[in-house]
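The structure under discussion appears below in the form of structure tokens.
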Amino acid sequence: MKKFKYLIPKTLDEAVSLNQSHEGSAIYVAGGTDVMVKIKSGKLAPDYLISLKHIGVGSQLGVNRETGALHIGGLVTHRTLETSSLIRLQYPIIHDAVQRIGSTQIRNVATIGGNLVNAVPSADGAIPLIALDARVNIYGSAGERTVDLVHFFEGPGQTVMDRGEIVTEIVVPKQPSRTGGAYQKFGRRAAMELPLIGVGVLITLEEGSNRCAKARITLGVAAPTPIRTLSAERYLVGKEITENTLNEAGKLAAEESRVRDSVRGLAWYRREMVEVLVQRMGVKCLQRIKETEAL
Amino acid sequence: MNKQPLEISINGDCYSLAVEPNRTLLELLREDLDLTGAKEGCGEGVCGGCTVLMDGKPVRSCLTLALEASGTHITTVEGLAQKGELDPLQQSFIEHGAVQCGFCTSGMLMAAKGLALNNPHAGNKEIRNAISGHICRCTGYTKIIEAVEAVVDRSLEKR
């Protein structure tokens, strides 16, 4: 493995300034499950690794009492999310995704911020968060800024982040009542697998009816970045949510997807699975809304 | 480049070492400390052969820099037996014929130990989930799951 120096800053600002002083030859590392693989394979060749583990921010997970927003620190591990009762009970769409990322060993160290920054088209962690209209707080030498997660990704491995910036926090706004969400990672192996396709659906129903007030249908591996399928979402709003309308939304989402052939699967198959899974996840959303109301 | 200091506890023994920053925890264990229980299979986190416990949680030692383990307690398969007595999991692996070629065994044991520490009453589904990140080239998964289940059952009886 290439030689490098390992730096352990104690604050966020120290991390940023270390990165600045080694401009171009330093890489941040959190859980290291992606960075280490890339260094071993030679895809990354840093002279300096800057560990983010001890910067003292980014490990919080909780709901802001005033705003009702969920705050997830960038350094929160997938395992922490997976085992959090807050996530499992109130944000099951996030739980669906994080419990299937990597393996227990990977989830014990891999962080949600790292999952986003790595920006693979499958980004299991991102699909549910986009459905939840999450925003990302980014910190760098120019200060802090906030970006909607849906606009965070620019291409495979590419994000809006400038060199030296760090994802400090993901903020999920309070969801309306009668909202249900579900995510399905679809692949061959239960662990250590990138999905053939990832489908997230989030539905808000109007009070006292099954009419859709808000819909989000987000896909992974369906384009160079995670995407929302706006035509399918627009179709659902104002309609009764039934198996038929969900089927139609699935068709629209499949049409809107830009799936392609790869070693993991062919485009036609992925398109069919988008259609099937949008419908299934939609049904699961309804079930979850009912379950919540029965409590 | 220069070595950096590392304080680490491995199987209950404390070490003060100086290591190259690019040394993985697995290399440190196998090559410097002669603890060859953890195996390198794929070297990229996919096979599970290099699994060790860091502060009681299973991690991939091939993707962990030795320096990242600074200040932690590492348990390897060599640290499972206590006072010459095999860990109940090790004994159960033997009794159930859960070891074939043996290459995946230490990783499987450490994942199972991590599960047992975290959830002593894990069911079949949790056991399968806990070892889902491991590959057994002999495909002997069933016996491994049975071996872990037997230990979980025993701890249930004790209650």
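Going down the list, the sequences are from chains A and B. So the first sequence is numbered by our numbering: it starts at 1 and just counts up by one. So the second sequence is numbered by our numbering: it starts at 296 and just counts up by one. Idealized CB from N, CA, C, for every residue including glycine.
Asked                                                                                                                                                                  : Found
Determine which residues share a DSSP beta bridge with R216 of chain A and list them.                                                                                  : A:L202
Measuring alpha carbon to alpha carbon, tell me which residue in A:R228, A:N244, A:A69 is nearest E255 of chain A.                                                     : A:R228
Quick test of the definition: if touching needs 3 or more C-beta pairs under 8 Å, does the stretch 2-17 of chain A touch the stretch 78-85 of chain A?                 : no
Take the Cβ of N297 of chain B as the centre, count every other Cβ of all protein chains shown within 10 Å, and call the residue buried at 16 or more, exposed below.  : exposed
9 Å is my cut-off, CB to CB: does N424 of chain B come that close to chain A?                                                                                          : yes
List, in chain order, every chain B residue whose beta-carbon is nearer than 9 Å to that of T292 of chain A.                                                           : Simply none; closest approach about 24 Å.
Quick check on the DSSP output: what are the complete alpha helix (DSSP H) runs of length 4 or more inside the stretch 45-133 of chain A, in order along the chain?    : 78-83, 85-90, 92-98, 104-107, 112-118, 126-131
Can you grab the Cα-Cα spacing for the pair M273 of chain A / R260 of chain A, in whole Å?                                                                             : 13 Å
From L61 of chain A to C396 of chain B, what does the alpha carbon distance come to, in whole angstroms?                                                               : 43 Å
Do L149 of chain A and I166 of chain A count as a contact pair if the criterion is CB distance below 9 Å?                                                              : no
Out of B:A425, B:G343, B:E315, B:C399, state which residue places its alpha-carbon closest to the alpha-carbon of S365 of chain B.                                     : B:E315
Beta carbon of G198 of chain A, beta carbon of A97 of chain A: below 9 Å?                                                                                              : yes
Leaving out five residues on either side along the sequence, give the residues of the same chain with a beta carbon under 6 Å from the beta carbon of L252 of chain A. : S231, A232, Y235
Is N210 of chain A helix, strand or coil when you go by DSSP?                                                                                                          : coil
Shortest alpha-carbon distance to Y48 of chain A belongs to which of A:K174, A:L116, A:Y28, A:A294?                                                                    : A:Y28
Is there a Cβ of chain A sitting closer than 9 Å to that of A393 of chain B, yes or no?                                                                                : no
Give me whichever residues DSSP pairs with L360 of chain B in a beta bridge.                                                                                           : B:T319
Using a beta-carbon distance below 9 Å, is L149 of chain A in contact with chain B?                                                                                    : no
Going by DSSP in three states, E299 of chain A sits in which element: helix, strand or coil?                                                                           : The structure shown has nothing for residue 299 of chain A, since chain A only spans 1 to 295.
From S262 of chain A to K378 of chain B, what distance separates their C-alpha atoms?                                                                                  : 53 Å
Report yes or no: do three or more beta-carbon pairs, one from the stretch 315-324 of chain B and one from the stretch 235-248 of chain A, lie closer than 8 Å?        : no
Applying the 10 Å Cβ sphere with the 16-neighbour rule, what's the burial state of L266 of chain A?                                                                    : exposed
At the level of alpha carbons, what is the spacing between I203 of chain A and A215 of chain A?                                                                        : 5 Å
From the beta carbon of T370 of chain B, is the nearest beta carbon of chain A less than 9 Å away?                                                                     : no
Any residues in the stretch 425-436 of chain B with a beta carbon nearer than 7 Å to a beta carbon of chain A? Which ones, in chain order?                             : A425, S427, G428
Are any of the Cβ atoms in chain A nearer than 9 Å to that of E363 of chain B?                                                                                         : yes
Can you check whether the CB of A393 of chain B is closer than 9 Å to the CB of A406 of chain B?                                                                       : no
Across which residues does DSSP place E302 of chain B in a beta bridge pair?                                                                                           : B:S311
Relative to the C-alpha of I170 of chain A, which residue among A:F186, A:A69, A:S103 is closest?                                                                      : A:A69
Under 8 Å: does the beta carbon of R258 of chain A sit that close to some heavy atom of the ligand SAM?                                                                : Ligands in the displayed structure: none, and consequently the ligand SAM is not present.
Given that G32 of chain A touches chain B, what residues does it touch there, using C-beta distances under 9 Å?                                                        : L358, T359, L360, E363
To the nearest angstrom, how far is the alpha carbon of A223 of chain A from that of P156 of chain A?                                                                  : 9 Å
Name, please, each residue of chain B whose Cβ falls closer than 7 Å to the Cβ of V109 of chain A.                                                                     : V354
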